[in-house]
Amino acid sequence: MSQIEARILQQDYVLTCPEGQEDMLLAAVQRVDADMERIRNTGKVRARERVGVLAAVNLAFESASLYTRVQELEQELELTLENGLAPVAPAADPLPAAPLEDALQEDALQQAQQAQEEAQALAAQLQELLALREHELQQAQALIERLETALEVDSKLL
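Counting from 44, one number per residue, gives the positions in the sequence shown under the working numbering.
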C-alpha cells in the first residue's frame, strides 16, 4: 500500500491506496476537491461535513448516470446482435450468379460487415464505460470512507 498526502478543501489528508494506483487516487482527490470547492463557494453550504455529503451525492448521481448509459448501450448492443448482425461468413455458392445478384450479395455482405463493425465498436464503447463506471465507483467509495475516517478522527472538521 502507498501513502499519499492530499489536500481537500484546505485540509491535509494522508491517504492509502494499492501500489500503482497513486495517479488514479490523486485524480480522484483533485475531482473531489474541485467539487467540494464549487459547492462551498456557492455560499449556501459552508460546513465541511455537509459539503462532503453533497459532493458524495453528486458523485453517486454521476455514477448512476453512467450506469444507466452503460445499460442502454448493453441493450442496444443486444438488439443489434439479435437482429442478425452477428458475424457473417460468405456462403459458398456452387453456381455462378448473375451480375445483378452478385452486386446485391456483395452489397448485403458489406452492410452486414459494416453492422458487425458497428456492433464491435459499441461493445468496445460499452467496455470502456463499464471500466469508467467501476473506476469512479471505487474512487467515490474510497473517498467517502476516507472522509468519514478523517471526520471521526478530527472532530475539528465539524
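Note that the Cβ used here is the ideal one computed from N, Cα and C, for glycine as well.
Among the options, which one has its Cα closest to the Cα of residue i?
| i | options | result |
| --- | --- | --- |
| ARG74 | LEU102, ALA162 and VAL96 | LEU102 |
| LEU52 | GLN114, LEU165, LEU124 and VAL88 | VAL88 |
| GLU125 | ALA193, VAL96, GLU65 and ALA162 | ALA162 |
| SER106 | GLN184, GLU121, ASP78 and LEU180 | LEU180 |
| GLN213 | GLU177, ALA183, THR123 and GLN168 | Residue 213 is absent from the structure shown; the chain starts at 44 and stops at 201. |
| ALA98 | ILE187, ALA167, GLU65 and MET67 | ILE187 |
| LEU172 | SER108, GLU191 and ASN84 | SER108 |
| GLN118 | THR192, GLN168 and GLU48 | GLN168 |
| ARG176 | ALA164, ARG83 and TYR110 | TYR110 |
| GLY63 | GLN54, ILE47, ASP76 and VAL57 | ILE47 |
| LEU68 | LEU116, ALA185 and THR192 | ALA185 |
Can you tell me whether residue i is buried or exposed? The criterion is at least 16 other CB atoms within 10 Å of its CB, across all chains shown.
| i | result |
| --- | --- |
| MET44 | exposed |
| VAL72 | buried |
| VAL94 | buried |
| GLU160 | exposed |
| ARG81 | exposed |
| ALA183 | buried |
| ARG50 | exposed |
| ASP78 | buried |
| VAL113 | buried |
What residue range is occupied by the uninterrupted alpha helix (DSSP H) comprising residue i?
| i | result |
| --- | --- |
| ARG74 | 65-84 |
| ASN101 | 91-125 |
With residue i as the anchor, note down where its beta strand (DSSP E) starts and where it stops.
| i | result |
| --- | --- |
| LEU57 | Before going on, a small fix: residue 57 reads as Val here, not Leu. 54-60 is the extent of the beta strand (DSSP E) around VAL57. |
| ALA49 | 45-51 |
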